[in-house]
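Visitor: As they're listed, the protein sequences go chains C and E.
The first sequence begins at 76 in this note's numbering and counts up by one.
The second sequence begins at 76 in this note's numbering and counts up by one.
What follows is a single structure, and I will ask about it in a moment.
Protein chains: 2
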Amino acid sequence: MFFHFKDRFPKLNAYWDKYLPFQKRVEAPAKAVLLEEGKISQHYIFIEKGCVRTFFNNNGDDKTVQFFFENEGLSSFDSFINNVPSTFTIETIEPSVIYLLPKQHVLRLMDELSHEPDFAQMILQMTARRQMHYINEFVSIIRDTPEQRYQLLLSERPHIVQRVPQHYIASYLGVSKVHLSRIKSKLAKGKPHF
Amino acid sequence: MFFHFKDRFPKLNAYWDKYLPFQKRVEAPAKAVLLEEGKISQHYIFIEKGCVRTFFNNNGDDKTVQFFFENEGLSSFDSFINNVPSTFTIETIEPSVIYLLPKQHVLRLMDELSHEPDFAQMILQMTARRQMHYINEFVSIIRDTPEQRYQLLLSERPHIVQRVPQHYIASYLGVSKVHLSRIKSKLAKGKPHF
DNA sequence: CCGGAACGATAACATATGTTATCAAGTTCA
DNA sequence: TGAACTTGATAACATATGTTATCGTTCCGG
């Protein structure tokens, strides 16, 4: 969450660097669970290499909520901040190199940061953007057909299609893996590639 | 957004009361536009009486994103904070009594508030909850069938079903109004009421 | 008080999507 | 290396959902 705003708020860099030493480096294989559904989040997670998804279990099959890649950070935000059980699991997709920053340090970082004069503006701008992201996810799914959503993924976030197994993408799009396969073959017919 | 946290952070009361005089009271008929898609949000909106929806236009027909009722506050958050065009329109559903607090006062309120020692915690807890709300909207739509979503609405937010015209609810659920009508008639057959 | 708009139900048809099953090609790991 | 697992495609069938059209009712403004 914070990492993405380093450019807009250069002051973040100093804080970030200060807490780097407290991070724990982890090399995780594929399908390694970084946080389990129902547990309380204890770390902020930063991805140096590899990719990660968040998902929840629903009657046996799981539904993917979001994908994360290199140089992105995440946590189960509500669980982390409000000390409640996490709604979803965080799991590596590929073998990955992960940095874990324990909650106590993050909270200390936030507390120090809150003495900066423009902290209010910064935190509001950050959270407004995050919120907009999730609203857009919702908007897209009530506005677009699965086929349109897949094409949006292809054009705007092609790395997801390239690196993530198809059934994860299917559940993220809100369709069965069989239907996503149909969508792909339909698109392939319309637009032959030489 | 802030109003809901008055109980958890009693200090908010003092700030809220302090800025009450700067609000403008408006009596709006049904279908009155409080903020238009594409414009930049200039007010925080508080609903004293009536109800309101946010929606966006999509090729002529509109898609409802969220409903708000008495004693709830809202703004087009990203537009308000980041000074960007609003993604959606805010419109009354019923004739309503609305209070508008101009942006400058809200920003001043936030700035004062940021000197409170637990401001960081407060703002993080608030935003984590809001974020969770929107994630849950997304999760529900990739997990549940429209019929299940309608039943959830019936059991957990029955006031929406009672007060809001059906086609608004249909677009919020992500189905056509015809299909929502089908869902209702199907449920009525299964569970006859005497 | 009238006429039109808004709201909601229903039918008929077309299309989209889910489910289950099968097959093939990689990939992993003992 | 071989067996098990993962990934992906496809077929066949059942169900869900969209679209268009029609009808009746209610509501509201001139």
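All residues carry an ideal CB built from backbone N, CA and C; glycine is no exception.
Remember, predicted model here, so these are calculated numbers, not experimental data.
1. Residues of the region 125 to 140 of chain E with a CB closer than 8 Å to any CB of chain C: list them in chain order, please.
2. Quick one, which residues of the region 199 to 222 of chain E are near chain C if we go by CB-CB under 7 Å, in chain order?
3. Could you have a look at E/Phe-269 and say whether DSSP puts it in helix, strand or coil?
4. Given this structure, state the Cα-to-Cα distance separating E/Met-185 from C/Gln-117, to the nearest angstrom.
5. I want to know whether the region 129 to 145 of chain C touches the region 161 to 178 of chain C - three or more CB-CB distances under 8 Å.
6. Give the straight-line distance between the Cα atoms of C/Phe-269 and E/Ser-246, rounded to the nearest whole angstrom.
7. With a threshold of 8 Å between beta carbons, is E/Ala-245 in contact with chain C?
8. Indicate whether at least one CB of chain E lies closer than 8 Å to the CB of C/Lys-252.
9. Would C/Phe-194 count as contacting chain E if we go by Cβ distances under 8 Å?
10. Rounded to whole angstroms, what's the CA-CA distance from C/Pro-85 to C/Asp-193? Just pull it up for me.
11. What residues from the region 151 to 171 of chain E come within 7 Å of chain C, judged by C-beta to C-beta, listed N to C?
12. Establish whether the CB of E/Gly-113 and some CB of chain C are separated by less than 8 Å.
13. Check each residue of the region 178 to 193 of chain C: if its Cβ is closer than 7 Å to any Cβ of chain E, include it; give the result in chain order.
14. Determine the chain C residues that contact E/Gly-249 at a beta-carbon separation under 7 Å, and present them in chain order.
15. So, under 8 Å CB-CB, C/Val-214 and E/Val-239 are touching, yes? Tell me the CB distance rounded to an integer number of Å.
16. What distance in whole Å lies between the Cβ atoms of E/His-180 and E/Phe-121, which are believed to be in contact at a cut-off of 8 Å?
17. Per the contact definition of three or more C-beta pairs closer than 8 Å, is the region 88 to 95 of chain E in contact with the region 166 to 179 of chain C?
18. Tell me the rounded alpha-carbon separation between E/Ile-156 and E/Gly-249.
19. Curious, which full-length alpha helix (DSSP H) runs of at least 4 residues does the region 134 to 172 of chain C contain?
20. With contact counted as at least three CB pairs below 8 Å, one residue from each stretch, are the region 204 to 224 of chain C and the region 219 to 237 of chain E in contact?
21. In this structure, how does DSSP classify C/Ile-120 when only helix, strand and coil are distinguished?
Guide: Reading from the atomic positions:
1. Phe-131, Asn-133, Lys-138, Val-140: these are the residues of the region 125 to 140 of chain E whose beta carbon lies less than 8 Å from some beta carbon of chain C, given in chain order.
2. Here the close residues are Leu-199, Gln-200, Thr-202, Ala-203, Arg-204, Arg-205, Gln-206, Met-207, Tyr-209, Ile-210, Glu-212, Phe-213, Val-214, Ile-216, Ile-217, Arg-218.
3. Since pLDDT at E/Phe-269 reaches only 48, below the 50 mark, its modelled position is unreliable, and the value read off the structure follows with that caveat. Note: E/Phe-269 maps to coil in three-state DSSP.
4. Their backbone Cα atoms lie some 29 Å apart in a straight line.
5. The answer is yes - the region 161 to 178 of chain C touches the region 129 to 145 of chain C, with three or more Cβ pairs under 8 Å.
6. Annotation note: pLDDT 48 at C/Phe-269 (below 50); position unreliable, no value reported.
7. No, E/Ala-245 lies away from the interface with chain C (no Cβ there is under 8 Å from its Cβ).
8. No, C/Lys-252 does not count as interfacial toward chain E.
9. Residue-level contact check: C/Phe-194 touches chain E, since one or more beta carbons of chain E fall below 8 Å from its beta carbon.
10. Approximately 12 Å between the Cα atoms of the pair.
11. Within the region 151 to 171 of chain E, the qualifying residues are Phe-152, Asp-153, Ile-156, Asn-157.
12. False, the Cβ-Cβ gap to chain C never drops below 8 Å.
13. For the region 178 to 193 of chain C, the beta-carbon criterion of a distance under 7 Å to any beta-carbon of chain E is satisfied by Met-185, Asp-186, Ser-189.
14. Ile-216, Ile-217, listed in chain order.
15. Contact flag wrong, Cβ pair sits at about 18 Å.
16. Under the criterion of beta carbons closer than 8 Å, E/Phe-121 and E/His-180 do not qualify as touching, at roughly 12 Å.
17. Counting C-beta pairs with one atom in each stretch, the region 166 to 179 of chain C and the region 88 to 95 of chain E have fewer than three that are closer than 8 Å, which means they do not touch.
18. Those two C-alpha atoms are separated by around 28 Å.
19. Runs found: 152 to 157.
20. The region 204 to 224 of chain C and the region 219 to 237 of chain E do not touch, with fewer than 3 CB-CB distances between them shorter than 8 Å.
21. Collapsing the DSSP output to three states places C/Ile-120 in a strand.
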